[in-house]
Structure formats: C-alpha cells, structure tokens
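Heads up: the structure comes next, in structure tokens.
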Amino acid sequence: MYARTKELTYVRTFNRSFDRSYVRMYVRTFVCYFVLSFFYSHMRSFLRTYVCLFIHSFVCSYIRTCVRSFVCSIVRSSILSLLRSFFRSFVHSYVRLFRSLVRSYVLSFVRTYVRSILCSFVRTYVRPFLCSFVCSFVLTYVLTHVNPYVRTSFVASFFRTYVRSFIRSLVFSFVRFIRSFVSFVRSSVRTFVRSLGLRFFVRSF
Numbered sequence: 135m136y137a138r139t140k141e142l143t144y145v146r147t148f149n150r151s152f153d154r155s156y157v158r159m160y161v162r163t164f165v166c167y168f169v170l171s172f173f174y175s176h177m178r179s180f181l182r183t184y185v186c187l188f189i190h191s192f193v194c195s196y197i198r199t200c201v202r203s204f205v206c207s208i209v210r211s212s213i214l215s216l217l218r219s220f221f222r223s224f225v226h227s228y229v230r231l232f233r234s235l236v237r238s239y240v241l242s243f244v245r246t247y248v249r250s251i252l253c254s255f256v257r258t259y260v261r262p263f264l265c266s267f268v269c270s271f272v273l274t275y276v277l278t279h280v281n282p283y284v285r286t287s288f289v290a291s292f293f294r295t296y297v298r299s300f301i302r303s304l305v306f307s308f309v310r311f312i313r314s315f316v317s318f319v320r321s322s323v324r325t326f327v328r329s330l331g332l333r334f335f336v337r338s339f
C-alpha cells in the first residue's frame, strides 16, 4: 500500500513537472516565434525601404555628378576652344595686318625717300658739277680767246645766271621733297584708316 501511494506520488510529480516543462517550452517557443516573426516582418519592410531609398539616392547622386561633370567638361572644353580659336584668329589677323601695313609703308617710304634723295642729290650736286665743268671749260676758252670787255660782261652775266639757277634748283628740290613727304604721310594715314575701318566693319558682321 505504501509502495503504491509512493508510486502514485511519483507519477503525479512527474506529470506535473512534465506538464510544466512542456507548457513552458511551448509558451517560450510561441513567444519567440511571435516576437521573431513580428520583428522580421517589420524589419524586412524597414530594410526594404531603407535600402531602396539608399540605393535610389546613391544612384541619383552618382548620375547627377557624372552628368554634371560630363556637361561641365564639355562646356568648359568648348568654351576654351572657342576662346582660343577666337584669340588666335584675332591676334593672327591683326599681326598680319600690322605686318602688311608696316611692310607697305616702309617700302613706300623708302622708295619715295630714296627717290627724293637721289633726285635732290642729282639736282643739287651732279647738275651743278656738270654745269661748273662746262662753264669752266667755256670760261677758259673765253679768257684765252675773247676780248676783255666781252669777257667781263660774259663772266658777270654767267655768274648771275649760275647763282640764280643754283639757288632756284635748291629751293625747288627742297619744296619738292617736302611736298613728296607730306603726300606720303597723307596717303599712309588714309590707307591705314581705311584698312582699320574695313577690318572693324568685317569683324562686326
């Protein structure tokens, strides 16, 4: 009898302990499953939204920076190339214009100046030298073969005419040189102003 009661108490305690442990395990499992499923569902939506937003913002920012850098590089290169080409063409055109003007003016000035110098030299030195040579030859002939009265009158008239012609030639050569120089300056200024006006007119169109 005592053994039976002991066995019954042992079975009861075992059943109680088993029921408690099973219920605890079931409750723990259910709670863990519920908590994990809740967190998983919410975290999954949160992660989806966060990752999508992050990827979207990153891709958009990357595309914007790439497009902006590409457009800026293209615009910068095009503007720089345009400025370089315009500056080069501008400088080359004005350098060519200046060279052509300087060359033409220098050549024309040298030609006119050399021509005037040669003409003045011939009129001032060569012609009087020839005249003096001829006159000296004539005077020697007159002094040796002509009457003294005729000789003195001839020498006086000759010197008068010679001095007058010499002074007149000097004055005429100086006046011609000044006139040629003034005409050269006027023509050079006119051509320079016309060329500049044509250049600016062409540039404006």
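Heads up: the sequence shown begins at 135 in the working numbering, then just goes up one per residue.
Note that CB positions come from ideal geometry on N, CA and C, so glycine has one too.
Query                                                                                                                                          : Result
Decide yes or no for the touch test of the segment 309–317 against the segment 214–225: beta carbon pairs closer than 8 Å, at least 3 of them. : no
Flag this pair as yes or no: are the beta carbons of F326 and L235 separated by less than 8 Å?                                                 : yes
Alpha carbon to alpha carbon, how far is I197 from R210? Give it in angstroms, no decimals.                                                    : 19 Å
Within 10 Å of its beta-carbon, does R138 have 16 or more other beta-carbons around it, so buried, or fewer, so exposed?                       : With a pLDDT of only 49 at R138, under 50, the local geometry of the prediction cannot be trusted, and no value is derived from it.
If you drop the 5 nearest sequence neighbours on each side, which residues of the same chain put their C-beta closer than 8 Å to that of M135? : Because M135 sits at a pLDDT of 48, beneath the cut-off of 50, its placement in the model cannot be relied upon, and the following sentence gives the value as read from the coordinates. Here the set comprises nothing.
Between R294 and chain D, is the shortest Cβ-Cβ distance under 8 Å, so that the two count as touching?                                         : Here chain D cannot be found, since the structure has a single protein chain.
Which value, in whole angstroms, describes the spacing of the CA atoms of R202 and I189?                                                       : 19 Å
In angstroms, rounded to a whole number, what distance separates the CA positions of S238 and T246?                                            : 12 Å
Distance check for C206 and Y184, CA to CA, integer angstroms please.                                                                          : 32 Å
With S242 and F306 assumed to form a contact (beta carbons below 8 Å), what rounded beta-carbon distance in angstroms separates them?          : So it is not a contact: roughly 23 Å between Cβ atoms.
Could you tell me whether the Cβ atoms of S303 and R249 are closer together than 8 Å?                                                          : no
Taking only the alpha-carbon atoms, compute the straight-line gap between S195 and L170 and give it to the nearest angstrom.                   : 36 Å
Per DSSP, what kind of secondary structure is V319 in: helix, strand or coil?                                                                  : helix
Do you know how far the Cα of T199 is from the Cα of L214?                                                                                     : 22 Å
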